[in-house]
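In my numbering, the protein residues as written are 9 to 105. Backbone N, C-alpha and C fix where the C-beta goes; we use that ideal spot for every residue, glycine too. A short write-up of the structure that comes next.
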């Protein structure tokens, strides 16, 4: 997998959400991650996705888009720790209700 992001956006994200984009890449290795299309922020020119999965030791929510000629570059837009309800949904999906 190839990852890309805006360096300035990554610094702001780390300051505001305490999650690095480097750590955010780990959710793409999580077999149990949940993913959905981001209808609220997608446009005709840019489709966005929301992925909920494990970072180093906590559940993260990562927003990203696909770039490149073959849509093979994951461009991270934002990353944060999952909220309580999001984390609950992740663990229920992973281990059952």
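| Sorry if obvious, but does the Cβ on residue 71 come closer than 6 Å to a heavy atom of the ligand HEM? | Ligands are entirely absent from the displayed structure, and the ligand HEM is therefore not among its contents.
| request: On a CA-only basis, which of 64, 13, 14 and 10 is nearest residue 35? Give me that one, please. | output: Per the C-alpha coordinates, the member of 64, 13, 14 and 10 positioned closest to residue 35 is 64.
| task | Express the C-alpha separation of residue 73 and residue 81 in angstroms, rounding to a whole number. | result | For residue 81 and residue 73, the distance between alpha carbons rounds to 8 Å.
| said: Give me the DSSP bridge partner(s) of residue 89. | reply: 68
| query | So residue 59 and residue 70 are in contact, right, with Cβ under 8 Å, and what is the actual spacing, rounded? | reply | 5 Å
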